[in-house]
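Which chain is which? The protein sequence lines are A and B, in order. Okay, so the first sequence: first residue is 14 according to my numbering, each after it adds one. Okay, so the second sequence: first residue is 194 according to my numbering, each after it adds one. Backbone N, C-alpha and C define an ideal beta-carbon position, used for all residues, glycine too. Bear in mind the structure is a predicted one, so any value in this text is a computation, not a measurement. Here is the structure we will look at.
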Amino acid sequence: MQLLLVGVSHRTAPVELRERLDFSARGVDRALASLVGALEHHEAAIVSTCNRVEMYVACDEAEETTTAIHRFLSEFHGVSADQLAPHLYAKTGNEAVHHLFRVAAGLDSLVMGEPQVLGQVKEAFKLASQMGCTGPLLNKLFHSAFTAGKRVRSETTLSEGAVSVSYAAVALARKIFGNLSGRTVLVVGAGEMGKLTAIHMRSQGIGRLIIMSRTAAHAASLAQTIDGTAMPWESLNTAMAEADILISATGASVPIVSRAMVEQTMKARRQRPLFIIDIAVPRDVESTAGDLEQVFLYNIDDLQAVVKENLSKRGTEASEAETIVEEEVGRFAGWLNSRGAVPTVVALRQRFEGIRQSELRRLEPKLANLPPEARARVDEITRLIVEKLLINPTEQLKSISDGETVAAYAELLNRLFGLSPDAADESTRPTAGAGATKKPGL
Amino acid sequence: MNTIPLILYIVAGVAYAVQFTRRSFSASRVASTLLVFAAFAHTFLIGMETMRAGHVPFASATSAISTFVWLLALSYLYIELTTGERSMGVFILPLLIALQAIPAARPMLEERSPLLESPWFGVHVSSLLFAYASFALACVLGITYVLQFKEIKAKHLGFFYARLPSLNVLDEMNLRAVKIGWLFLTVGLIAGAIWGLQLRPSGDPRMQSMSLGDPKIFVAVLCWTLYSFELYAQRAIGWRGRRAAWLSAVGFGIVLLNFVPVSYFFTTNHNF
Chain A
14 MQLLLVGVSH RTAPVELRER LDFSARGVDR ALASLVGALE HHEAAIVSTC NRVEMYVACD
74 EAEETTTAIH RFLSEFHGVS ADQLAPHLYA KTGNEAVHHL FRVAAGLDSL VMGEPQVLGQ
134 VKEAFKLASQ MGCTGPLLNK LFHSAFTAGK RVRSETTLSE GAVSVSYAAV ALARKIFGNL
194 SGRTVLVVGA GEMGKLTAIH MRSQGIGRLI IMSRTAAHAA SLAQTIDGTA MPWESLNTAM
254 AEADILISAT GASVPIVSRA MVEQTMKARR QRPLFIIDIA VPRDVESTAG DLEQVFLYNI
314 DDLQAVVKEN LSKRGTEASE AETIVEEEVG RFAGWLNSRG AVPTVVALRQ RFEGIRQSEL
374 RRLEPKLANL PPEARARVDE ITRLIVEKLL INPTEQLKSI SDGETVAAYA ELLNRLFGLS
434 PDAADESTRP TAGAGATKKP GL
Chain B
194 MNTIPLILYI VAGVAYAVQF TRRSFSASRV ASTLLVFAAF AHTFLIGMET MRAGHVPFAS
254 ATSAISTFVW LLALSYLYIE LTTGERSMGV FILPLLIALQ AIPAARPMLE ERSPLLESPW
314 FGVHVSSLLF AYASFALACV LGITYVLQFK EIKAKHLGFF YARLPSLNVL DEMNLRAVKI
374 GWLFLTVGLI AGAIWGLQLR PSGDPRMQSM SLGDPKIFVA VLCWTLYSFE LYAQRAIGWR
434 GRRAAWLSAV GFGIVLLNFV PVSYFFTTNH NF
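If you want it as structure tokens, here you go:
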């Protein structure tokens, strides 16, 4: 039994192909059911997001199964196998584990460290386990992946800091005002940029949204679509005195808000803090206005600089996150290897028990004269001797977490005790994930 | 005896520093637990002292500091438990540790002269200690406000930006702490004045010199003026945010001045 991953992601396939392979359109449950049918195997899970489609299965033959999955994908989505093949990747054993853990930690995402992917991986596992498609291997695998993802989130700052201009603006607004509910936002400029930012602010639960444009009709129609209030251009000063956040995004070629205007407004608003987001190019607000006490002025370049810094911070955090992933992969490998000793333990126990039984049978004529209680006692004593002899070896074998050592012990025990060839074969290939990878152990 | 809470405050301080820099959730729980233990130990100590002396230990400058530290620790814990905000701890703990070092180094001899048995004295000292604890919190809130404000203004969102609550929250908490502190300061000053007037006929020479000329009284009145101005300016001329934060920070600086150097070195009469 070994672990196999076959999939495509934003790293290997263009968006057109990913769209065609996305299972969510036709239901991941249906896809999973037919995948399990196609593979004639029980353990399987599908992670399907807009950036990746990945199938994790526990199988006996990696190559055969890979071909089967290729065929399944091509048939299910109606994409020719030739078209698919160059974009698909297949990983087994340790590499597959490593891949899933990186995905769960957000390290393989398009935007490094985005936090949604962990939830998507959880959903994928939940569905698979509800449909009865998971077994001991995938259960442990996914739970370990969740641990890796959670550790990365809590022990590093990989997912921190806004990585888009609009999120950076909202994050700043929150740092200035705390809760945004009840705050008044004034959007100047009814163009596409103004509209997008206004919609974004709306979703933050703000109190009032005022729209203003040189063309009153534009302001009115935008106000209607996004549930705001349009105000005439002439009342800019009044509106500024009311607003907590001013978003300026007009196409004007000269600044429309001067420092003097802001200064005057600040008096009218009794120095309540004012956050000005100037996303217009060329700028709408005189940059010296930002020097005023309690005025926080960020233009598009400032916001982009914040985003860039956050992205580079994520980059430096990534190596720490990779270390955590490695640790968790190591821990999972340890678990797998200790499971690898199980066949040897079983074979050893069977061998001992077999000897006991055959000896009892051989002595049967002599024991026949004994009263039933004495016979029961003989049975009891021999069983206890076997048990006691096996306690220590069993514990020792189960505590080994290194694949090579497990294999060496198994080999030794097979020879010493002449264990059954079946069990011996199983135990020299201790890890469910071994097989195709050349690495020892996993 | 004062060393046990001191050691616990130091350990808690280290934990708060770790949780602040690393932002680790487990460290933050450890830090809070340690501080609760420290406050418990300190409560026990003050309780013992109260039983022994027959009154709350704040009649000498040294024991008043210990009681002040205890009040500040409890006030901070109250804020932490009600708001869930732990980032102030790393600023409060050094203050607790520095002040608690004084009673730990000097024995706390609580000898009370009969002059101090008036209930007005009790009101006077306890109100002032509580006021000072509020001002200490306001000071820390002010300092953190300025740190955060600078990063946002400079458009360099760094260390403090990632760790502190929003400017608005800091500003509002600062003003609330100043309001509470101002109220108790006023009550404490009035109680002190009444008590002084009552005792004037007693003929104690120390009582005769109680006037604005006494350094401790002078500095206390100075504080009252400054905090009154902060509250007024905030309403009337929009001195909120950074300016209020600075006033809080400076105000507590003066309070500390009154508390330590003035108590020990300058005043000859106001050191009961």
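Residue i beta carbon near the ligand MN (any heavy atom closer than 6 Å)
i        : result
ARG344/A : Among the components modelled here there is no ligand, and therefore nothing to report on the ligand MN.
Residues that DSSP places opposite residue i in a beta bridge
i        : result
LYS104/A : LEU18/A
ASN312/A : ASP291/A
ARG65/A  : SER22/A and THR62/A
ALA258/A : The question names Ala, yet the displayed sequence has Ile at residue 258/A. ILE258/A is bridged to VAL198/A and PHE288/A.
ARG242/A : In the sequence on display, residue 242/A carries Thr and not Arg. THR242/A pairs with ILE223/A.
ALA71/A  : LEU16/A
VAL270/A : VAL298/A
Secondary structure of residue i, DSSP reduced to three states
i        : result
GLU408/A : helix
ILE224/A : strand
VAL92/A  : coil
ALA354/A : coil
CYS146/A : coil
ALA57/A  : strand
VAL165/A : helix
VAL488/B : The question about residue 488/B has no answer, for chain B in this structure spans 194 to 465.
VAL298/A : strand
PRO358/B : coil
LYS139/A : helix
ASP35/A  : coil
HIS349/B : coil
SER325/A : helix
THR226/B : helix
MET366/B : helix
GLU306/A : coil
Straight-line Cα distance separating residue j from residue i
i        : j        : result
THR255/B : LEU274/B : 29 Å
VAL124/A : MET225/A : 34 Å
GLU393/A : ARG369/A : 11 Å
TRP468/B : PRO268/A : Residue 468/B is absent from the structure shown; chain B starts at 194 and stops at 465.
SER259/B : VAL223/B : 24 Å
LEU450/B : ARG299/B : 19 Å
ARG33/A  : VAL134/A : 20 Å
ASP407/B : THR243/B : 29 Å
ALA440/B : ALA158/A : It is Leu, not Ala, that sits at residue 440/B in the sequence shown. Going by the C-alpha atoms only, they are around 51 Å apart.
TYR271/B : THR197/A : 32 Å
GLY191/A : ALA230/A : 34 Å
LEU196/B : ALA294/B : The question names Leu, but residue 196/B is Thr in the sequence shown. Going by the C-alpha atoms only, they are around 8 Å apart.
SER327/B : VAL338/A : 46 Å
LEU403/A : HIS90/A  : 54 Å
MET274/A : THR170/A : 40 Å
VAL262/B : GLY385/B : 21 Å
GLY431/B : SER271/A : 21 Å
ALA220/B : GLN363/A : 50 Å
THR62/A  : GLY207/A : 30 Å
GLY446/B : ASN250/A : 41 Å
GLY145/A : ALA262/A : 53 Å
THR147/A : PHE237/B : 57 Å
SER37/A  : GLY264/A : 41 Å
ALA297/B : ALA234/B : 14 Å
> Taking one C-beta from the stretch 352–361 of chain A and one from the stretch 398–415 of chain A each time, how about it: are there three or more such pairs within less than 8 Å?
Replying inline: These segments touch.
> At a Cβ cut of 9 Å, what residues of the stretch 317–329 of chain A count as close to chain B, listed as they run along the chain?
Replying inline: Cβ contacts with chain B come from ALA318, VAL319, GLU322 and ASN323.
> What residues in the stretch 332–354 of chain B bring their beta carbon closer than 8 Å to a beta carbon of chain A?
Replying inline: Hits within the stretch, in order: GLN341, ILE345, LYS346, LYS348, LEU350 and TYR354.
>> Any C-beta of chain A within less than 8 Å: which residues of the stretch 356–376 of chain B qualify?
In response: Taking 8 Å as the upper bound on Cβ-Cβ separation, chain A lies near residues PRO358, SER359, LEU360, ASN361 and VAL362 of the stretch 356–376 of chain B.
> Taking one C-beta from the stretch 206–223 of chain A and one from the stretch 236–249 of chain A each time, how about it: are there three or more such pairs within less than 8 Å?
Replying inline: With a cut-off of 8 Å, the stretch 236–249 of chain A and the stretch 206–223 of chain A count as touching, because enough Cβ pairs lie within range.
>> Does the contact criterion of 3 or more C-beta pairs under 8 Å hold for the stretch 277–285 of chain A versus the stretch 312–321 of chain A?
In response: Counting Cβ pairs under 8 Å, fewer than three are found: no touch.
>> Along the stretch 431–443 of chain B, where does the CB come closer than 7 Å to a CB of chain A? Name the residues.
In response: Result list: GLY431, ARG433, GLY434 and ARG435.
> Does the stretch 333–341 of chain B come within contact of the stretch 359–369 of chain B, defined as at least 3 CB pairs closer than 8 Å?
Replying inline: Short answer: they touch.
> Counting pairs of Cβ atoms below 8 Å between the stretch 338–356 of chain B and the stretch 411–425 of chain B, do you hit three or more?
Replying inline: Judged by Cβ distances under 8 Å, the stretch 338–356 of chain B makes no contact with the stretch 411–425 of chain B, as fewer than three pairs qualify.
> Is the stretch 289–300 of chain A in contact with the stretch 322–329 of chain A, if contact means three or more CB pairs nearer than 8 Å?
Replying inline: Because the criterion of three Cβ pairs below 8 Å is not met, the stretch 289–300 of chain A and the stretch 322–329 of chain A do not touch.
> Okay, do the stretch 145–160 of chain A and the stretch 62–77 of chain A touch, 3+ Cβ pairs below 8 Å being the bar?
Replying inline: Contact holds: three or more Cβ-Cβ distances are below 8 Å.
> At a Cβ cut of 7 Å, what residues of the stretch 189–215 of chain A count as close to chain B, listed as they run along the chain?
Replying inline: Of all residues in the stretch 189–215 of chain A, ILE189, PHE190 and GLY191 have a Cβ within less than 7 Å of some Cβ in chain B.
> Using a Cβ cut-off of 9 Å, which residues of the stretch 155–177 of chain A contact any Cβ in chain B, in chain order?
Replying inline: Those residues of the stretch 155–177 of chain A that come within reach of chain B (Cβ to Cβ, closer than 9 Å) are SER167, GLU168, THR170, GLU173 and GLY174.
>> I'd like to know if the stretch 222–238 of chain B and the stretch 202–211 of chain B are in contact, where contact means that at least 3 CB-CB pairs between them fall below 8 Å.
In response: For the pair of segments examined, the stretch 222–238 of chain B was found to touch the stretch 202–211 of chain B: the number of CB pairs separated by less than 8 Å reaches three.
> Which residues, in order along the stretch 280–310 of chain A, keep a beta-carbon less than 7 Å from a beta-carbon of chain B?
Replying inline: Across the stretch 280–310 of chain A, CB contacts with chain B closer than 7 Å involve ARG283, GLN284, PRO286, GLU306, GLN307 and PHE309, in sequence order along the chain.
> Does the pairing of the stretch 369–388 of chain B with the stretch 314–321 of chain B give three or more beta-carbon distances under 8 Å?
Replying inline: With a cut-off of 8 Å, the stretch 314–321 of chain B and the stretch 369–388 of chain B count as touching, because enough Cβ pairs lie within range.
> At a Cβ cut of 8 Å, what residues of the stretch 210–239 of chain B count as close to chain A, listed as they run along the chain?
Replying inline: The residues in question are ARG216, SER217 and PHE218.
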